[in-house]
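One structure below.
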Ligand code: DC
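Residue numbers (the working numbering): 90 to 318.
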C-alpha cells in the first residue's frame, strides 16, 4: 500500500449474509460519495469462474491462478454490474451456486491471498466503504470505522425468504435456513480470515431493528467517525 492510499479513509462493514450489509454499505457509500467494495462479489465471481471451468477445489494452485487472472470489469452496464471475460455475470453470481461456490473458494488461503491486491486497489480518494467478512480484521485493519452487523439465523433466513418470494421464486424456509447455517459455519470455522468481529468493531444486532433504524444508527456512527478522523 502506498502512503497516499493509507490516508484514504475506509469504513468496514462486515458480518454474515442476510444482515443487510450490502444495502447499508451502498447507502453509506452513496451518502458520502465514497467508492464501494462488495468483496463478496469477488469471491462469487471466482466461485463461478472455477465452476465454469470444472476446476477441482482441491487443486488450490489452479484456483489461486484463476483468482489472479480474473478478467473483471465493474459497473459497465449499471451500478453493481460485473463482467467476467466480457460476459455479464451480475445475476449468475447471486444464484445458490454462486453463494455456495463463493463460500468454498473463500476457505482457500491461496485464493484469499490472490484476491487481496484487487481489494486494496479499491481504496481511492475520497474514501471507501468495504463490505465483507474480513474487511475490518484483515484487508483494511486501519479502517476509521468498523461495523459488524449481525442478526439471528432465523431472522436472516426469514428476510431472504421474503426477498425471494417477492421475486416470485419457489423457495422453502427450512432449506434456506439450513443453507445459511452451513455457510455461516464454513465462513466462521475456516482457518484463514474467519468471520468474526474485529476487536475494535461496533457490533450491531439487527434482529429486532427495521431497515431505517439500522441506517440511522450506522449513519450516526459514520458521522462520529468522520468528525474524529
Ligand atoms: O457477502 P456475500 O454473501 O456476497 O459473500 C458470499 C461468500 O463469499 C461468503 O459466504 C463468504 C465469502 N466471502 C469471504 O470469504 N470473504 C469476504 N470478504 C466476502 C465474502
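All C-beta atoms, glycine included, are put in the ideal place defined by N, C-alpha and C.
Under 8 angstroms: does the beta carbon of residue i sit that close to some heavy atom of the ligand DC?
i: residue 304; result: no
i: residue 228; result: yes
i: residue 250; result: no
i: residue 201; result: yes
i: residue 245; result: no
i: residue 128; result: yes
i: residue 242; result: no
i: residue 170; result: no
i: residue 191; result: yes
Grab the span of the alpha helix (DSSP H) containing residue i for me, first residue to last.
i: residue 300; result: 300-317
What would DSSP say about residue i, mapped onto helix, strand or coil?
i: residue 90; result: Any answer about residue 90 is weak, because its pLDDT of 47 lies below 50 and its placement is not dependable; what the coordinates show is given next. Correct three-state label for residue 90: coil.
i: residue 120; result: helix
i: residue 223; result: coil
i: residue 139; result: helix
i: residue 234; result: strand
i: residue 112; result: helix
Closer than 6 angstroms by C-beta to residue i: which residues in its own chain qualify, once you throw out the five before and the five after it? Chain order, please.
i: residue 191; result: 132, 133, 136
i: residue 233; result: 98, 314, 318
Between residue i and the rest of its own chain, which residues show a CB-CB distance below 8 angstroms, the 5 nearest in sequence each way excluded?
i: residue 160; result: 173, 174, 175
In terms of residues, what are the limits of the beta strand (DSSP E) holding residue i?
i: residue 100; result: 99-103
i: residue 162; result: 161-163
i: residue 294; result: 291-294
i: residue 253; result: Note, residue 253: premise wrong, no beta strand (DSSP E); alpha helix (DSSP H) at 242-255.
Output needed for residue i: all residues of its chain with C-beta closer than 7 angstroms, excluding positions within five of it in sequence on either side, in chain order.
i: residue 313; result: none
Are at least three pairs of beta-carbons, each pair with one atom in the stretch 144-156 and one in the stretch 215-223, less than 8 angstroms apart? Taking 8 angstroms as the limit for Cβ pairs, the verdict is that the stretch 215-223 does not touch the stretch 144-156.
Should the stretch 177-193 be regarded as contacting the stretch 92-104, the criterion being three or more beta carbon pairs within less than 8 angstroms? The stretch 177-193 is not in contact with the stretch 92-104.
Contact the stretch 222-240 vs the stretch 302-310: 3+ CB pairs below 8 angstroms: yes
How about the stretch 236-255 and the stretch 284-297: do they share at least three Cβ pairs that are nearer than 8 angstroms? Flag = yes, the stretch 236-255 and the stretch 284-297 touch.
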